[in-house]
Amino acid sequence: MKNLYILTFLSIFIATSCSNYVEDLNDDPNQPVDAGLENIVQGVQLSNQFWQTGESNRTAMLWLNQATGSDRQYLALNDWNTAQSTIFDGIWNEAMVGTISQAQVLENKANMLGNTSTLGMAQVIEANAFGTLTSLFGDIPFEQVNKYEEFPNPVYQPQQEVYAGIQELLNTGIANLTDGAGDIPNDLVYTGSNEAWITAAYTLKARYFLHVKDYAAALSNAQQGISSADGDYKAYYDTTYGADFNPFYSFLVYDRPGYMSAADAYAPKLLDPSTTLYRGNPKTDESARFAFSYINGANLYNSGYELNFYSQFDWEEPDGKFGTNTDMPLITYGESLLIIAECQARLNGFDSGLQAYNTYRALLDTGYSIGVDNAGYNDLTFNYDAYTAADFAANGIENADGISQLDALLREIYEERYVYFNGHYESFVDMNRTNNIAEIQLKAGFSGNAERFVYPQVEVNGNTSIPTPLPGVQDPTPVNQ
Amino acid sequence: MKSKYKVLLTLFMAFVVQLGFAQTNTITGTVTDDGGVPLPGVNIVVKGTSSGTQTDFDGNYSIAASGNSILVFSYVGFKEEEVAVGTSTVIDMELIGGEMLEEVIINALGIEVNRATQASSVSDVAASAVQSSGETSIAKGLSGKASGVQIISSSGDAGSSAFIQIRGQSTITRSLQPLIVVDGIPISNDEVGAGVGGVTQQSRLGDLNPNDIADVKILKGASAAALWGARAGNGVIVITTKKGKGLGKGDLQVSISSTISFDQTNDELDTQNIFGQGSNGAYVGLTQANSWGDKISLRSGGPDEVDTSSLDYFVSRDGTTYYPIISKNSTEDFNNSNYDAVINQGLYLENNVSLSGATESGNYFMSVSDLKQDGIIDENDYNRVSLRLNGEFKLNDKIKFTGTSTYSQINSNRIQQGSNTSGLLLGLYRTPADFDMRNYLGTRYADGVVSTTNSQRSYRRGLGTLDGESPIYNNPLWTTNVQSNPNTVERYIMGGQFNYKATDWMTLIARAGLDHYTDERKNFFPKNSSEANGSGSATERLYTSTQTNIDFIAQGDLLISDRFNFGYLAGLNYNRRLSETRGGGYTNFILDSYKFFYTNATIANRSTVIGESEVRITAGYAQANLSFDDLLFLNLTGRAETASTYGDAKTFFYPSAEVGFQFDKLLGDQTTLSNGKLRLTYGQVGIEPAAYATNTYFVNAQGSEGYGPAYDAGAYDGSFVRSSVQGNANLEPEKKTEYEVGIDLGFFNNRATLSGTYYYNETTDALFTVAIPGSTGFSGRYANAASLENKGFELDLSVDVIKSEDFVWNVYGNFSTNQNEVTSLTGTESLFLNGFTGVSSRAVAGEPVGVLWGGRYARNDDNSLALDDLGFPTVALTEGVLGDPNPDWRAGVGTSISYKGFTLSTLFDASVGGDVWDGTNGALNNFGRTPETANEVTVSAADAQTIIAANGATLASRPQAVINADGTYTIRGNIRDFGAGPRLLDQAYYTGIGGGFGPVGEQFIYDGSWVKWRQLTLSYNFTNDKLKETLGLKNIELSLTGRNLLYWSKHDFGQDPESNLTGASNGRGLQYFNNPNTRSYLGTISINF
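Going down the list, the sequences are from chains E and U.
Start counting the first sequence at 1; every next residue gets the next number (this note's numbering).
Start counting the second sequence at 10001; every next residue gets the next number (this note's numbering).
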């Protein structure tokens, strides 16, 4: 009898404890399932600035001879012909997942809340990310991005179509920012200034019109673009390793010391007054910009030039272009002026171009872009006097080989862009859009030149819509064909 | 002594008596265990009659039997023996203990069941085989001892993990480790944190003392493991620990054993000592990475010319001052002294004491063990103290309590290894032959004043590091002596069981087990380490795991008729696993202190982590055994299970069926074929999904690129974004279905046994994070999206070639093959499992799981290499499959010869056909450190003008080319023809496409086949009467063992191919500066009182 009681009790105990033993447990106690609009904003902005100043920028610098691979993997990487799909996985996923898709998540939230300011801001960043991707890879997925349930294999749209879509997105963004309902909370870039975002959006529009060689549209948008050094969109960095270090610095000094230098590179020689390639002349003194961009002969990791990774923080030296907490330019006043100069020259002739270019030179002459505070570097000399038409005439200081005045001006503008966009994707795009007007000398011994980035392995693996055969690194993207 | 006299007397008496009575004799004798200990209560029956008796407390017996009768000796826990009486009147019997009764085995739940009813293939490994292996962990001790079971150790580091794989991989991303069940309690065999760098981790199975185990059974087939449902997908290893036995009246049996082991590396990597540090044939010191310098033998000799007027210099701790070198004159070669400075003799000492005994109402076993191990690498140590108490108490005939408890404490210091600039071998192998690394610590002077006090001198910082400067690669001595990576593990395993024999046909069992461990780890990189650019970095983690397992079981047997037998088992199982990770770290030290304190960094440079996970399973299970006439057996099992990790708390059912046909019973004469059993099984088991994967979370906005740079919104204002991995509400366990057919044969009273099994299994709904293209908005989605299959054949053989009283010679062997294929992989072409960006181990549809994947040569349609304008190979745009790390077959062959007290045994095992990526030599090609790169070739003057190097320059124009007197050219490098004529492979080639940092991983894949002389043991067992009388000792056993004595590999890696960089993770076949494996010489003495 006693056994029966025990068994009955046991059965009841077991039966009742079974049912809810495993329920409602599978929610990670250490991860939230949602976040508010104000707490997503910086996530989108940080992702965008990270991949636009990261691994692939460095790769492009090697291929443009702005830098040199000096150790281990970076030795082979000097040759663009060794480029494989895997080296672009990181940038692709950070852009597509970290920036574009999160921007869309933010846009949905902003839409629901009626916050058109944040909506517009997110659209500008989304357009910027798409624009960079299409400029580097050519055809990319666009309309079907971030719709996994509907489109597990997003199709690759023609590059022209993508550029058009981006212009549309920017227009919508500008309209929303103009509408301006609500604030942009935690805005790392412009501390909630809708106007600043609008001008940045116009400069972006100008950049992408330039990519498709629509000079008129590029000119008019650039004229509405960023109009002062304060309006520059920069990637903001600080002094915590693994968290807010400038990715260049993190790579050059902390993560992979010595992998990348500028030994034998072309860009430092252009800026180094002691070389025969020096681009200075009686009106131009590049001493400060050279020192800001490159370290010469310090033998820290390699002999020869190094990228200037000095900083007050670790080195007690003035912050260099690639220093610990140096903010990296993404969309700038200088770019607006350079676009205007080029388009004026192309559309309205040499004189308009020269005048516009001199406006840009005047900006440089204030120390803009050659020191973290836009006032020069380390008390070194710099000079960017206005050029005259004679300087571009045959045998002028900017036309030793006697090409046409206009071509000489365009060559100078592009050489300037090559130096100005050191470490920025635009110098890579420029080279291929203009068939190297700037006459950049690439590294010797390798065939051809890098026309594009190779589609990443993650897409090769998982997206049945990927173009076949895969275009190689030397195949121009559609807008450059 | 007294009892021996008695025996002699009895013998004499019996002899006298026998003269008188020829028909029915009184047989007397003593029954002992194999250690000579008398066994009380042994049943002795005259076969075929009802007459029987039991031994008394001294193991003596007396029974009447006729000369043509057979005596059967049986005792629980010992092998049954039969002896024909013949003319003897004294029959002393030694029963073999330590093994389970032949008829009764432990099933997956740790419950004794009738062996004959089981038809699945089970590998039984004798505890003594594990204990005598010379390995300090149970897992490594299983190497080569069972078919279909592969053990791979991560390295020879003291206490390092080992990977156990049964019948190939049946999951892609979930753990590959079998479930470990000790005395019915599932325990953790976690290995937390294995990757391409860091330290070699321990597997938690290693916490157990191998000397405590009585038996290891490896349940390979799904049907045997089905009672564990979704935890049994990788098989189950059932371990039984020792019990007290054999004695009456609470006598105490004491065993003491001590082992000393001398360990050394079992291979040394060859590095070149012909050319020194430098580039393009010229010496460059101080920061130069490569050994592409001048030929050391051509230097002038004598001391180097140094700049003693320099204000930059380094003063080492022994007072030696290092100045910048003006002219490198010395021809000294430091290759060996550098190596010996960090890798030399290891040693371990293990002491065990156990106390055990039994009374009529119970038994107990208690042991204490202490293991102190110093690894072959300086400062690598592993210390394990373990305690065990097992006890069984019978209240009455119906009620029995069983308790088991273990405590282990591990204290260990590990060494950074692998792909890691703070790791040992990266620095050691890359250090040029002409750099003496021994003075690694000192004071750095800059501009004549002290700059850095604890400066690290390494080959790329020849004058020591300045503040905030990385040595780039650590000096290996800094890695071993200055950095520290201690861990402390505290492990408790406790179990209690209550048996209540409710009726003749039902026993109720309530069982609870608790397994808890904490693993406290620190990694400390002081200032001037390579980590964090020499700014100092420290991390700590506390891993806690608690597993609770409760079973309620009803079990019984019914004899339906003489020929039909029915056994059943039904139960309920509750399992809960709780794990936590807590810890933090700080970087950029304020003080150059070797102590661990968070305030030694600014708040921005401190970080914390937390991770908690709870998983629960509940299940009901039932088993029915039917046997007919001991001829046919049917075993049916079912388990219905639900778990917290499944989407929507679904319930899954895991069935299994086994049929056994004991066909030898049909034969009249069983002397030739003494055992014949045909086995057929079917079973389904599962593998659980990861916890918490049913939701899409929001995560801290952070990211990083492969090279290291990273961002984290926590350094700004904080931000959360949608996780890049999409949650999946429809998760199910992986389901593995296995079919097995096997045959067991025994010949000549089982003197020769042969067992063969063919199996086929398929895992469907295999889980992985499908790497979806970023354009979908996610980078991954966790889903049941793959299937894979394994099929293979296992053969085990044992022959007692000679078996006489004094001389036994046994030969045994095992052989297994396994073929694996990923049959489908939805949504992705390849799935990264572990490894590097360049070469990784992956799952690819249509290929075996774990295939090596990476960069390939570009090829033309006819498969010839696609060459560039210079005639050198080029790289394919996309990566692909490079090799298969899974061996085609594995085998072990051993023999053991016993003569009187001597036993000599040895074991060889082999693995044939698996590929290995030799990343070590690939990388060292880049640095000019491999012998291959130190070759010199001489060509004619004409050829020197036409043969070009990878950079397009002619051989003659290369700066390192030497013109000989006869006009020929000699140059360092190799000449190879890729299809466009001979080309020079020199620095330009090896630092580009021909080196390990280049994009072509394909060229470093080699056949990793090996044969190993695993073990040689000579032991002697003293059982001398004098010894017993004078010292009171029952026996003394001495043994000498050589472990991993030799190996032969098809390709000379310079490193044991039987190690894996990524430990017990799912990545295979990766060699990249793995810490070396070891060879050992051991001596053991065991004494029983």
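Ideal Cβ positions, reconstructed from N, Cα and C, are used throughout, including at glycine.
Please read these numbers as outputs of a predicted model, since none were measured by experiment.
Residues of its chain near residue i, where Cβ-Cβ distance is below 6 Å and the 5 sequence neighbours each way are ignored
| i | result |
| --- | --- |
| Leu10101/U | Any reading at Leu10101/U needs caution, since the residue's pLDDT is 38, under 50, leaving its predicted position unreliable; the model's value is listed next. Once the five neighbours on either side are set aside, Leu10101/U has no close Cβ partner at all. |
| Leu10558/U | Trp10505, Phe10566 |
| Glu10580/U | Thr10544, Glu10612 |
| Phe10021/U | Model confidence at Phe10021/U stands at a pLDDT of 42, short of 50, so the residue's coordinates are unreliable; what they give is reported in the following sentence. For Phe10021/U, where only same-chain residues beyond five positions count, there are no Cβ hits under 6 Å. |
| Val10072/U | Val10045, Lys10047, Glu10082 |
| Gly448/E | Gln474 |
| Tyr10621/U | Leu10227, Gly10571, Arg10639 |
Contact list for residue i against chain U, beta-carbon separation under 7 Å
| i | result |
| --- | --- |
| Ile40/E | Ser10719, Phe10720, Val10721 |
| Gly242/E | Ala10710, Asp10712 |
| Asp314/E | Gly10468 |
Member of the options whose CA lies at the smallest distance from the CA of residue i
| i | options | result |
| --- | --- | --- |
| Ala10158/U | Pro10848/U, Glu10641/U, Tyr10348/U, Asp10648/U | Tyr10348/U |
| Leu10389/U | Arg10414/U, Val10353/U, Gly10375/U | Val10353/U |
| Glu10932/U | Asn10481/U, Gly10995/U, Leu10882/U, Gln10945/U | Gly10995/U |
| Leu10514/U | Leu10477/U, Asp10434/U, Thr10431/U, Tyr10407/U | Tyr10407/U |
| Gly10855/U | Pro10999/U, Gly10244/U, Ser10940/U | Pro10999/U |
| Val11011/U | Ile10091/U, Leu10205/U, Gly10894/U, Asp10215/U | Gly10894/U |
| Ala10282/U | Ala10289/U, Gly10293/U, Ile10274/U | Gly10293/U |
| Thr10321/U | Thr10443/U, Ser10864/U, Phe10401/U | Thr10443/U |
| Ala243/E | Ser10561/U, Asn10700/U, Asp10378/U | Asn10700/U |
| Ser10128/U | Gly10835/U, Asn11024/U, Thr10903/U, Asn10211/U | Asn10211/U |
| Pro10040/U | Asn10068/U, Ile10070/U, Thr10024/U, Phe10078/U | Phe10078/U |
| Thr203/E | Leu25/E, Ile87/E, Val124/E, Tyr294/E | Val124/E |
Interface residues of chain E facing residue i [CB-CB closer than 7 Å]
| i | result |
| --- | --- |
| Phe10997/U | Arg72, Gln73, Leu75, Ala76 |
Sequence-distant residues of its chain with Cβ nearer than 7 Å to residue i (five each side left out)
| i | result |
| --- | --- |
| Phe151/E | Gln144 |
| Asn10420/U | Gly10197, Gly10198, Leu10426 |
| Val263/E | It should be pointed out that residue 263/E corresponds to Ala in this sequence rather than to Val. Counting only Cβ-Cβ distances below 7 Å, and skipping sequence neighbours, we find Thr68, Ser70, Asn302, Ser303, Gly304, Tyr305. |
Close beta carbons around residue i, own chain, < 8 Å, minus the five adjacent residues each side
| i | result |
| --- | --- |
| Ser10062/U | Thr10026, Ile10027, Thr10028, Thr10053 |
| Gly114/E | Ala181, Gly182 |
Residue i and residue j closer than 8 Å at C-beta
| i | j | result |
| --- | --- | --- |
| Ile10260/U | Ile10493/U | no |
| Arg11014/U | Gly10144/U | yes |
| Ile10325/U | Asp10312/U | no |
| Tyr10440/U | Asn10475/U | yes |
Residue i: contacting residues in chain E (beta-carbon distance under 8 Å)
| i | result |
| --- | --- |
| Gln10726/U | Tyr148 |
Residue i: contacting residues in chain E (beta-carbon distance under 9 Å)
| i | result |
| --- | --- |
| Tyr10382/U | Chain E residues near Tyr10382/U: none, gap ~31 Å exceeds 9 Å. |
Contacts that residue i makes with chain U (C-beta to C-beta distance below 8 Å)
| i | result |
| --- | --- |
| Thr134/E | Neighbours of Thr134/E on chain U: none; closest Cβ ~12 Å, over 8 Å. |
| Val33/E | Asn10695, Thr10696, Tyr10697, Phe10698 |
Task: the segment 232-245 of chain E contacting the segment 299-309 of chain E, beta-carbon criterion three pairs below 8 Å - done: In short, these stretches do not touch, since the Cβ pair count stays below three.
TODO: Examine the Cβ distances between the segment 10657-10677 of chain U and the segment 10701-10718 of chain U and report whether three or more of them are shorter than 8 Å.
DONE: Touching, no.
Task: the segment 10864-10872 of chain U contacting the segment 10836-10846 of chain U, beta-carbon criterion three pairs below 8 Å - done: Two segments are said to touch when three or more pairs of C-beta atoms, one from each, lie closer than 8 Å; by this definition the segment 10864-10872 of chain U does not touch the segment 10836-10846 of chain U.
Task: Residues of the segment 92-124 of chain E whose Cβ lies closer than 7 Å to any Cβ of chain C, in chain order - done: The structure shown has no chain C; the protein chains it does contain are E and U.
- [ ] Spell out a yes or no on whether the segment 10688-10695 of chain U and the segment 10643-10662 of chain U are touching, meaning 3 or more CB-CB pairs, one atom from each, closer than 8 Å.
- [x] Three or more pairs of CB atoms, one per stretch, sit closer than 8 Å, so the segment 10688-10695 of chain U contacts the segment 10643-10662 of chain U.
- [ ] Evaluate contact between the segment 180-199 of chain E and the segment 42-52 of chain E, counting only Cβ atoms and requiring at least three cross-stretch pairs below 8 Å.
- [x] With the rule of 3 Cβ pairs closer than 8 Å, the segment 180-199 of chain E counts as touching the segment 42-52 of chain E.
Open item on the list: Three Cβ pairs or more, each shorter than 8 Å: is that satisfied between the segment 10126-10142 of chain U and the segment 11038-11054 of chain U?
Closed with: The segment 10126-10142 of chain U is in contact with the segment 11038-11054 of chain U.
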